[in-house]
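Asker:
Residue numbers (our numbering): 593 to 936.
Next up, the structure:
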């Protein structure tokens with residue numbers, strides 16, 4: 593491996609994202625040491641916008657065309673059969689495109705940047721600072737409290753799985769807010785040591801007459817987004833993307849292998865997926881039929897997680913998701929108010 597510098601690289605893999613890319617980059621670029629953009633087979637104005645953003649941030653953005661016909665989504669049966677039988681390192685796999693982006697990183701830590709997200713730059717910058725050389729984190733006895741909370745939350749999730757429902761009584765607010773600052777400090781220490789990866793999350797939003805938080809179980813847009821698939825991690829020879837096959841949907845995507853303990857850190861973005869051209873009309877139809885499933889974004893912070901859990905479609909969200917959502921809600925609900933400016 594090449595020698596890497598202290599800092600944080602963002603990895604963005606895109607195709608036909610002209611509607612989102614400028615807003616996404618603007619929201620996160622100040623919290624990254626560099627942004628690696630790999631674009632593939634675009635038929636819209638994405639390459640022109642990428643070129644424009646490279647000129648705007650010449651010292652931070654590095655863009656690469658990835659000129660292969662990737663077999664990933666919306667596959668015919670014939671193409672799906674081809675994709676699942678390709679060699680693991682085939683350039684036509686999305687996982688190989690991801691590894692190509694990772695190989696271009698120049699900093700020790702990396703994070704996936706999804707183009708349909710608006711980032712809370714101050715929150716992301718806090719983690720970027722942990723990855724920099726200026727930040728030294730010395731072990732402190734309060735980290736014991738952070739470790740205890742990590743174990744406590746693990747027991748909560750295991751007991752919830754055993755009882756087949758989130759055991760919300762185990763997570764009283766006073767205890768949660770007392771221990772989570774120590775847990776976050778402990779997570780930063782472990783990230784700096786290179787023994788943990790930090791899982792990030794966010795809030796799904798939908799715009800109609802104004803911005804809403806959806807409880808749309810039909811189109812699978814819960815209030816929260818991110819279940820451990822977006823990580824800040826230290827790059828090593830063991831961090832790599834592999835092909836992931838979903839036979840029911842006939843998609844061939846990627847999963848990320850890393851050797852680290854994954855620790856959750858709470859929400860740092862608004863997720864715009866429900867506003868994609870392929871989704872908006874379907875989500876709008878649900879909203880027109882069931883307006884009560886869409887909460888104005890400024891009202892969502894007034895809800896407790898118990899109220900949220902009562903409202904979400906249990907069939908659309910796994911128990912794993914619902915036990916994680918309680919952490920996302922409690923640690924991040926007030927962040928919505930501080931970042932509403934992103935939705936104006």
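For each residue, glycine too, the CB sits at the ideal point set by N, CA and C.
For residue 816, does the count of other Cβ atoms within 10 angstroms reach 16, so buried, or fall short, so exposed?
Answerer: buried
Asker: Taking C-beta to C-beta, are residue 860 and residue 745 nearer than 9 angstroms?
Answerer: no
Asker: In the DSSP assignment, find the beta strand (DSSP E) that holds residue 626 and state where it starts and stops.
Answerer: 626-631
Asker: If you scan the segment 630-667 from start to end, which runs of the alpha helix (DSSP H) of 4 or more residues do you find wholly inside it?
Answerer: Considered as a whole, the segment 630-667 harbours 638-648 as its complete alpha helix (DSSP H) runs of no fewer than 4 residues, in chain order.
Asker: So for residue 821, helix, strand or coil by DSSP?
Answerer: coil
Asker: For the putative contact between residue 699 and residue 783, defined by C-beta atoms under 8 angstroms, what is the C-beta separation to the nearest angstrom?
Answerer: The pair is not a contact, with the Cβ atoms about 13 angstroms apart (cut-off 8 angstroms).
Asker: Tell me whether residue 837 is buried or exposed, calling it buried when 16 or more other Cβ atoms sit within 10 Å of its Cβ.
Answerer: exposed
Asker: Under the three-state reduction of DSSP, which class applies to residue 895: helix, strand or coil?
Answerer: coil
Asker: What residue from 651, 635 and 631 has the CA that sits closest to residue 642's CA?
Answerer: 631
Asker: Between which residues of its own chain and residue 724 is the CB-CB distance below 6 angstroms, once the five residues before and five after are set aside?
Answerer: 598 and 599
Asker: So, with DSSP's three-state summary, where would you put residue 686?
Answerer: DSSP, read as helix, strand or coil, puts residue 686 in helix.
Asker: Please confirm if the segment 747-756 is in contact with the segment 653-661, defined as three or more CB-CB distances below 8 angstroms between the two stretches.
Answerer: Contact between the segment 747-756 and the segment 653-661 is absent: fewer than three C-beta pairs spanning the two stretches fall below 8 angstroms.
Asker: Output the distance between the C-alpha atoms of residue 779 and residue 670, rounded to the nearest integer angstrom.
Answerer: 45 angstroms
Asker: Would residue 775 and residue 762 qualify as a contact pair, given that the criterion is a beta-carbon distance under 9 angstroms?
Answerer: For the pair residue 775 and residue 762, the CB atoms are not nearer than the 9 angstroms cut-off.
Asker: Can you give me the C-alpha to C-alpha distance between residue 788 and residue 857, rounded to a whole angstrom?
Answerer: Our two residues, residue 788 and residue 857, have alpha carbons roughly 12 angstroms apart in a direct line.
Asker: Name, in chain order, the residues that DSSP records as bridge partners for residue 602.
Answerer: 627 and 703
Asker: Give me whichever residues DSSP pairs with residue 838 in a beta bridge.
Answerer: 843
Asker: Considering Cα atoms alone, identify which of 833, 710 and 896 is closest to residue 689.
Answerer: Considering only alpha carbons, the answer is 833.
Asker: From the DSSP output, read off the bridge partner residues of residue 789.
Answerer: Paired residues: 854.
Asker: Thinking C-beta only, is residue 696 closer than 9 angstroms to residue 848?
Answerer: no
Asker: Thinking C-alpha only, which one of 683, 608, 616 and 810 is nearest residue 907?
Answerer: 810
Asker: Out of 672, 596 and 655, point me to the one whose CA is closest to residue 840's CA.
Answerer: 672
Asker: So who's on the other strand from residue 798, going by DSSP bridges?
Answerer: Bridge partners of residue 798: 804.
Asker: Between residue 644 and residue 864, which are expected to be in contact by the criterion C-beta below 8 angstroms, what is the C-beta distance as a whole number of angstroms?
Answerer: In fact, because the Cβ distance is near 20 angstroms, the residues do not count as touching under 8 angstroms.
Asker: Among the candidates 707, 844 and 766, whose CA atom is the shortest distance from the CA of residue 668?
Answerer: 844
Asker: Could you pull out every residue in the same chain whose Cβ sits closer than 7 angstroms to the Cβ of residue 734, ignoring the five residues on either side in sequence?
Answerer: Contacts found: 774 and 777.
Asker: Per DSSP, what are the beta-bridge partners of residue 859 in this structure?
Answerer: 793
Asker: Are there 16 or more other CB atoms within 10 angstroms of the CB of residue 701, so buried, or fewer, so exposed?
Answerer: buried
Asker: CA-CA distance, residue 792 and residue 819?
Answerer: Within the model, the alpha-carbon separation for residue 792 versus residue 819 is close to 8 angstroms.
Asker: Rounded to the nearest angstrom, what separates residue 622 and residue 920 at their Cα positions?
Answerer: Going by the C-alpha atoms only, they are around 24 angstroms apart.
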